[in-house]
Each structure stands twice: as structure tokens, then as C-alpha cells.
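Down below is the structure, laid out as C-alpha cells.
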Amino acid sequence: MPRVAYEDASLTVWQGADALQFIDGLSSNKMVDMIQGEVRQTVFTTTKAKIVDLATVFHMGDFLAVQLHTSQLERLLKHVTPRILDQKVTIVDVTSRNQFCIEYGIHNTNVGQFESLDGVTHGHVDERYSLLIASLDVETKPTVDQALFHEWRIENQIPWNGFEVTGKNHPLSAGLNQLVHPAKGCYIGQEILARMISRGRQGKKLTRVENNSVDEKFITTQGQSHSLAIIR
Amino acid sequence: MFMDCGTCETSGPVQLMTPEVVNVNLTISSKAQEMLVDAFGDDRSMALLVGVLSGGCSGYMYDLQIVEETDQSCQEVVIEGFRVLVPNASSHLLDGIEIDYVDRLMGGGFRINNPNAESSCGCGESFA
């Protein structure tokens, strides 16, 4: 299976009795029912429902390992840490101890679970790809370059951090609809997203387009013959 | 598990933004005081804990509880004989509030009028 380096990934450890509830209250997917051994993605959003960061949460039992993005980490921490108040939550950044890859072009039958194979943690976050995390002493050589991976993403309409998943977009326009839980309680940005869904007015959405068929300003990932764009 | 979570060795937590503790001033409207009399009866040993939790549509949610004691570090304000506890961790968000009571069939109940809130969600339970 092709593997590509996930260079912008970061890893944080969230500990404390309130950690899962805390993440649930600040992000778009339902997280409070997670159990040990599960992996689930969620989106931290602003009051205007714009993306702060996409998080992949591994429930490790006593703590949560939360994969975030180095480019967004400072912004995310500024967003969440003032809200900890008296709650039992501590966050530790362990990015420098780990390496990250994406294994793609697969058919995951156990989406939502993670497992350890040959010293590497495989988080099966999607039917079509897994997030791989390993300590630095384990060999996880990428087998393909970024360009091939992004061509595959375009083909499969998979949004990615820094391309579609940015602070300019909300989760629905970025193609992260499956991470916006329709029935969970309130979270920051929920009123706006719920209104978009209930009124069927999502605005722009992620679309695979032929090159030169839409204005370049809408292109989010440029491919050789097709691209990803966020358009109405 | 084979990711290195740093839980076996000492890893320092990320720098948290810890707001300054402020001395809270608050008021209770006459309608809210009437409702507190109903709730407390003659027992003034209980206290009204006015806290803030993260979450809600706007980022923070009010948390009102009637308690005897709490393990949170709090400051106590006594108004008309009512003990009001405000956690120090959220004192910066609650200074100057008025605790009010809105008497209506839908959406009624205790309500916080907060001069620190830039915005509030429709139900009034959440603020930013």
C-alpha cells in the first residue's frame, strides 16, 4: 500500500477526567461515547463555524492521543486553553517524539478502530486511508511522494489540511460533512452549521473539477487533469 | 501502543492561558431573590454556585447549582443573606453579572446578564 509522509501532523496527549467531554463541547462530532480502542475525527470550529483544526482522537484508555496539525497548533491551543477553567484537562505536546504517515488506497473494514502493527499505530479513520503514528525508533518509510498522494486525493475527493481544511472554510464546505454530528448538543459554531443543514443552504461545497473549468481562485488542490475546488 | 505518548517520562504540559483572578461583584434581581427564597427556604447554609463550563454554541456555558460546599477554589459573596459562590477560575468571566429570573412558559428560569459577554446564543445559556 502506498505510504506518504504526513509532515504537518502533530500529536498531543490530553489527560484528565474531563478531557473527552471538553473536546465534545468544543467540536463538531459526537465524542463523549468513545471507548478505548476507538479513533474518531472531529473539527474544532469558531463561533462563526470556521475551522480551527481537524483533530483525530485516539482513545487510549487513561488518556486521549489527539493528532492535530503543527501549522494550526498554536491557534488551536489559544482557542481551547482559556476554556479549560476548573475542568480536569491537561495537554502535552509529544509531536517531536513521533513520526506520521498516511497509508492510502486501501479498503478499511474496521473504520473507527485503531491497532498496532509492526510497531506502528494504525488509525483507521476512513475506508480509504489510515493514519499511521510511530515513535522515532521505528522505520516507517514513505513509499510515494506528495504529488501522487494529492492526485489520489483529488480522484477520491478527500479534503486535506492546508488545502481544503483551512480557517477560511467551515466543515461543510470543506467536505467534512460526516464529522458534523446532526444530533449532538451545543458546541461552538453549532448554531450556524445546524441552520445550514436544516435549511439546505450549505453554500459552497467541495467538488472535483476538470482543470480550467472553474476560476482558479476556487481551486484548493491543483492536479494534472482534475483539481479540487470549493464552489457553489 | 506504539506511538510515543510521552506518558512514561515527564513531559511538560503546554503553556495554558491562566486568566487573572478578579474580585467579583454581582447583583441578584428582586425576582431572582424571590425564586431563591422558594428554592432555599429558610436554610441559608446552602449556597448558589455560579460557574462557567466550556462548550455551548458560544464557547462558555453558565452552570448554576445549589450546593453546600464545593471542592473548587471559590470566592463567596453574600447578598441579602444568600451565599453565592464564584469559582476563581471563571471570576474574570463573571465580574459584574446580574442574576435574574425570567418568568415565562418557554425559555424561562434563571438568567445571567453578563457585561463581559460579547455575544450570547439564542437560549441564553451560552456566551462568548
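So the sequences go chain by chain: U and B. Residue 1 is where the first sequence starts when you use the numbering used here, and the numbers rise one by one after that. Residue 1001 is where the second sequence starts when you use the numbering used here, and the numbers rise one by one after that. Where is the CB? At the ideal position from N, CA and C, for every residue including glycine. These numbers were taken from a predicted model, which means no experiment stands behind them.
As assigned by DSSP and simplified to three states, the class of residue i
i	result
Leu1093 (chain B)	helix
Ile197 (chain U)	helix
Trp14 (chain U)	strand
Leu1048 (chain B)	strand
Met1001 (chain B)	Only weak support exists for where Met1001 (chain B) lies, its pLDDT of 49 falling under 50; the value from the coordinates is given anyway. Three-state result, Met1001 (chain B): coil.
Thr56 (chain U)	strand
Phe1110 (chain B)	strand
Own chain, CB closer than 6 angstroms to residue i, minus 5 neighbours either side, in chain order
i	result
Lys184 (chain U)	Lys30
Ile1028 (chain B)	Ile1079 and Ile1099
Ile219 (chain U)	Ser227 and Ala229
Gln41 (chain U)	Thr56, Val125 and Leu179
Tyr129 (chain U)	Ile102 and Tyr104
Arg3 (chain U)	Cys101, Glu103, Pro142 and Thr143
Asp24 (chain U)	Met31 and Val32
Arg83 (chain U)	none
Thr95 (chain U)	Ser10 and Leu11
Ala202 (chain U)	According to the sequence provided, residue 202 (chain U) is Gln. The question's Ala does not apply to it. Within the same chain, Gln202 (chain U) has close Cβ partners Leu172 and Met196.
Asp93 (chain U)	Thr12
Gly223 (chain U)	Glu151 and Ile154
Asn110 (chain U)	His124
Proximity to residue i [Cα-Cα], best of the options
i	options	result
Asn1114 (chain B)	B:Ala1089, B:Ile1097, B:Ala1032 and B:Asp1103	B:Ile1097
Gln33 (chain U)	U:Asp18, U:Ala9 and U:Ser135	A small fix is needed here, since residue 33 (chain U) is Asp in this sequence, not Gln. Nearest C-alpha to Asp33 (chain U): U:Asp18.
Cys1005 (chain B)	U:Ala194, U:Leu54 and U:His59	U:His59
Val1067 (chain B)	B:Met1035, B:Ala1089, B:Met1061 and B:Phe1040	B:Phe1040
Glu1020 (chain B)	B:Leu1094, B:Phe1110 and B:Ser1119	B:Leu1094
Val165 (chain U)	U:Thr140, U:Asp215, U:Ser71 and U:Phe149	U:Ser71
Asn1023 (chain B)	B:Val1077, B:Ile1112, B:Glu1118 and B:Gly1081	B:Val1077
Leu85 (chain U)	B:Asp1043, B:Leu1048, B:Arg1044 and B:Met1061	B:Met1061
Leu117 (chain U)	U:Gly167, U:Leu131 and U:Gly223	U:Leu131
Glu1069 (chain B)	B:Ala1117, B:Ala1047 and B:Ser1054	B:Ala1047
Met1003 (chain B)	U:His79, U:Gln67, U:Gly167 and U:His150	U:Gln67
Gly119 (chain U)	U:Gly175, U:Val138, U:His79 and U:Gly167	U:Val138
Rounded straight-line distance, which links the Cα of residue j to that of residue i
i	j	result
Ile102 (chain U)	Thr47 (chain U)	31 angstroms
Leu26 (chain U)	Asn177 (chain U)	17 angstroms
Thr191 (chain U)	Asn169 (chain U)	Residue identity check: residue 191 (chain U) is Glu in the sequence provided, not Thr. Distance between the alpha carbons of Glu191 (chain U) and Asn169 (chain U): 16 angstroms.
Gln21 (chain U)	Gln1072 (chain B)	18 angstroms
Lys217 (chain U)	Thr143 (chain U)	32 angstroms
Ile51 (chain U)	His69 (chain U)	12 angstroms
Thr90 (chain U)	His1092 (chain B)	21 angstroms
Leu77 (chain U)	Glu7 (chain U)	19 angstroms
Asn156 (chain U)	Val1086 (chain B)	52 angstroms
Ala5 (chain U)	Leu1105 (chain B)	57 angstroms
Met1 (chain U)	Leu73 (chain U)	29 angstroms
Ser1090 (chain B)	Ile133 (chain U)	37 angstroms
Asp1063 (chain B)	Ile1112 (chain B)	10 angstroms
Gly61 (chain U)	Gln15 (chain U)	10 angstroms
Ser1119 (chain B)	Thr81 (chain U)	20 angstroms
Ser1045 (chain B)	Asp1038 (chain B)	15 angstroms
Thr140 (chain U)	Arg195 (chain U)	43 angstroms
Gly1108 (chain B)	Arg153 (chain U)	50 angstroms
Asn161 (chain U)	Ser213 (chain U)	24 angstroms
Gln146 (chain U)	Val1052 (chain B)	45 angstroms
Leu193 (chain U)	Val43 (chain U)	12 angstroms
Cut-off 8 angstroms between Cβ atoms - residues of its own chain near residue i, not counting five sequence neighbours on either side
i	result
Ser225 (chain U)	Glu210 and Asn211
Gly1059 (chain B)	Ser1126, Phe1127 and Ala1128
Asp1103 (chain B)	Lys1031
Gln113 (chain U)	Gly37, Glu38, Val39 and His124
Leu1035 (chain B)	Residue identity differs from the one stated: residue 1035 (chain B) is Met in this sequence, not Leu. Excluding positions up to five away in sequence, the list reads Tyr1101 and Phe1110.
Val1050 (chain B)	Leu1026, Tyr1062, Asp1063, Leu1064, Val1084, Leu1085, Val1086, Leu1094, Ile1097, Ile1099 and Ile1112
Met1001 (chain B)	Bear in mind that a pLDDT of 49 at Met1001 (chain B), under 50, signals an unreliable position, so the number given afterwards is only what the model happens to contain. For Met1001 (chain B), where only same-chain residues beyond five positions count, there are no Cβ hits under 8 angstroms.
His122 (chain U)	Glu103, Phe114, Glu115, Ser116, Ser130, Leu131 and Leu132
Leu148 (chain U)	Pro2 and Val4
Ser1054 (chain B)	Tyr1060 and Met1061
Cutoff 7 angstroms; reference residue i; Cβ partners in own chain excluding five residues on either side
i	result
His181 (chain U)	Ser28, Asn29 and Lys30
Ile188 (chain U)	Leu26, Thr45, Thr46 and Thr47
Lys204 (chain U)	Ser173, Ile230, Ile231 and Arg232
Ser135 (chain U)	Arg97 and Asn98
Ala65 (chain U)	Leu11, Val13 and Phe58
Asn1088 (chain B)	Val1021, Ser1073, Cys1074 and Gln1075
Per DSSP, the bridge partner or partners of residue i
i	result
Pro1087 (chain B)	B:Cys1074
Phe63 (chain U)	U:Gln15
Arg3 (chain U)	U:Glu103
Leu68 (chain U)	U:Ser10
Gly123 (chain U)	U:Phe114 and U:Leu131
Contacts that residue i makes with chain D (C-beta to C-beta distance below 9 angstroms)
i	result
Tyr1062 (chain B)	Absence of chain D from the displayed structure is noted, the protein chains being U and B.
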